[in-house]
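Under this note's numbering, think of the first position of the sequence shown as 12, with each following residue one higher.
Don't be surprised by glycine CBs; every beta carbon is placed ideally from N, CA and C.
Computed from a prediction, not measured in an experiment: that's the story for all the values here.
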Amino acid sequence: MNDMIVRMAASVLLLCLFCLASAEAGNLLVIPAFGSHWTGMRPLVEELGRRGNQVVVVIPEESLNMGPAQHTTTLTYPVPYTKTQLQESMNAGINGLLSVDLSTDLARFQSFVNTMDMLKVIITRNAEGLLSNKDLMKKLQDYNFDAILTDPFEPVGPIAAEYLSIPAIYIQTSHPCGVDALASQCPIPASYVPQPLTHFTDCMNFWQRSVNLLRTLFQPMACRRMFARADEIASHVLQIKTSVVEIMSRAALWFMHFDFVFELPRPLMPNMILIGGMDSKKAGPLSQVSFSNSCHFTLLLILPLLVSTNKVSLNLAKEEKCCCSICNCTQYFQSYSVY
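So this is what it looks like as structure tokens:
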């Protein structure tokens with residue numbers, strides 16, 4: 012009897028051993044984009060390195076917020092600008108965008124075109140610096156990477172992935188010209204998916220839908236305008252006539268750095284994965300609040316609803332006269348004239 016139990020246990024153990032999947036660490040190349048794009052990608056990159064993967068991060072020598080990440084190897088390449096010039100360029104671009112009149116649909120369209128013209132200069136500087144560095148590109152080839160994680164906001168990552176012949180994993184928040192939808196051939200119903208910088212919602216009237224339809228039809232031309240110089244760089248590096256949109260169409264995965272909590276819902280392709288809450292802190296217990304003597308807290312909950320429905324006219328001069336007990340909250344609300 013005991014021999015039978017031992018043989019059965021050995022058989023089960025052997026079966027379990029056959030069912031176990033082996034885990035191997037991989038080689039990952041990371042080429043982030045500048046600004047807040049790297050801020051959102053960095054925690055993921057550091058966690059991948061902490062779990063035993065060999066992660067190589069390639070960044071420009073001059074940047075505003077990029078630097079070595081934990082559990083990773085950092086490589087740098089020279090760029091034709093200084094940190095001061097980069098800061099001045101960014102400030103000038105932001106000030107120019109903020110000073111634009113957005114009161115009409117035509118003004119918003121003009122702002123959209125100006126944004127494309129500003130970005131097409133910025134996004135190609137790093138591409139020229141990295142892809143023209145033959146020594147560094149040869150070093151990256153010697154790593155034999157399994158995949159590349161990059162932000163398609165800058166074309167340097169997608170072009171490098173095509174040059175190294177490795178699968179590309181894109182992680183992005185949003186793109187000004189909607190290249191993710193164009194490259195993946197994701198449908199964009201113009202009737203309820205508003206285009207960037209239109210300030211429309213998913214509930215549009217006939218005029219807004221007409222404007223949004225024109226903007227949707229204009230998107231491919233906007234991407235060609237934005238990636239005009241990048242297409243030339245890609246064709247030169249790869250020695251074949253190609254475009255950035257065509258290169259991005261071969262992406263293995265798209266990690267969309269948003270969700271449908273703050274973004275309007277729209278169709279997604281099967282290789283698009285929402286990771287909107289990746290950088291969110293873990294939820295903790297709420298602090299205890301005493302409601303027995305919190306008139307101000309009650310007002311804080313109710314007053315925004317009243318104001319949003321235009322049913323209350325505030326007289327804030329009487330606010331300091333509020334009594335701090337629930338029974339006297341009625342007197343506090345009497346200091347506002349409801350109409």
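Residue i by DSSP, collapsed to three states: which one?
i: Val132; result: helix
i: Leu208; result: coil
i: Pro54; result: helix
i: Gln196; result: coil
i: Gln152; result: helix
i: Asn125; result: helix
i: Gly78; result: coil
i: Asn144; result: coil
i: Ala118; result: helix
i: Ala201; result: coil
i: Phe29; result: Only weak support exists for where Phe29 lies, its pLDDT of 48 falling under 50; the coordinates are left without a value.
Buried or exposed, going by whether 16 or more other CB atoms sit within 10 Å of the CB of residue i?
i: Thr95; result: exposed
i: Ala233; result: buried
i: Ile251; result: exposed
i: Phe123; result: buried
i: Ser221; result: exposed
i: Cys106; result: According to the sequence provided, residue 106 is Asn. The question's Cys does not apply to it. Exposed, because fewer than 16 other Cβ atoms sit within 10 Å of the Cβ of Asn106.
i: Arg62; result: exposed
i: Ser254; result: buried
i: Thr93; result: exposed
i: His268; result: buried
i: Phe164; result: buried
i: Trp265; result: buried
i: Ile284; result: exposed
i: Val167; result: buried
i: Trp49; result: buried
i: Leu59; result: buried
i: Asn223; result: buried
i: Pro71; result: buried
i: Gln173; result: The sequence as given places Glu at residue 173; Gln does not occur at that position. Result: buried.
i: Ala328; result: Its pLDDT being 40, under 50, Ala328 is placed unreliably by the model, and the measurement read from it follows with that caveat. When all chains shown are included, Ala328 counts as exposed.
i: Val190; result: buried
i: Val56; result: buried
Check the DSSP bridge columns for residue i and list the partner residues they point to.
i: Ile42; result: Thr161
i: Leu97; result: None; Leu97 has no bridge partner.
i: Ile70; result: Thr87
i: Gln65; result: Asn38
Would you check if there are 3 or more beta carbon pairs closer than 8 Å linking the segment 36–43 to the segment 157–171? In short, these stretches touch, since the Cβ pair count reaches three.
What ranges does the alpha helix (DSSP H) occupy inside the segment 160–193, keeping only unbroken runs of at least 4 residues that lie completely in it? Taking 4 residues as the shortest admissible run, the segment 160–193 contains the following complete alpha helix (DSSP H) segments, listed from N- to C-terminal end: 167–175.
Decide if the segment 219–239 is in contact with the segment 178–185; the criterion is three or more beta carbon pairs, one per stretch, under 8 Å apart. The segment 219–239 and the segment 178–185 do not touch, with fewer than 3 CB-CB distances between them shorter than 8 Å.
My parser needs the alpha helix (DSSP H) runs of 4 or more residues fully inside the segment 210–297; what are they? For the segment 210–297, the continuous alpha helix (DSSP H) assignments of 4+ residues that do not extend past its boundaries occur at 217–237, 239–249, 255–259, in sequence order.
Would you check if the segment 258–267 and the segment 213–225 touch, i.e. whether three or more CB-CB distances between them fall below 8 Å? Because the criterion of three Cβ pairs below 8 Å is not met, the segment 213–225 and the segment 258–267 do not touch.
Does the segment 139–157 come close enough to the segment 197–208 that 3 or more CB-CB pairs lie under 8 Å? Too few Cβ pairs lie closer than 8 Å, so no.
contact_flag[the segment 119–138, the segment 204–211] where n(CB pairs < 8 Å) is 3 or more: Result yes; three or more Cβ-Cβ pairs closer than 8 Å.
Under 8 Å: do the segment 260–278 and the segment 237–249 share three or more Cβ pairs, one atom per stretch? Fewer than three beta-carbon pairs drawn from the segment 260–278 and the segment 237–249 are found closer than 8 Å, and the two stretches are therefore not classed as touching.
Hey, is the segment 65–75 in contact with the segment 185–198, meaning 3+ C-beta pairs nearer than 8 Å? The segment 65–75 makes no contact with the segment 185–198: fewer than 3 CB pairs, one atom from each, lie closer than 8 Å.
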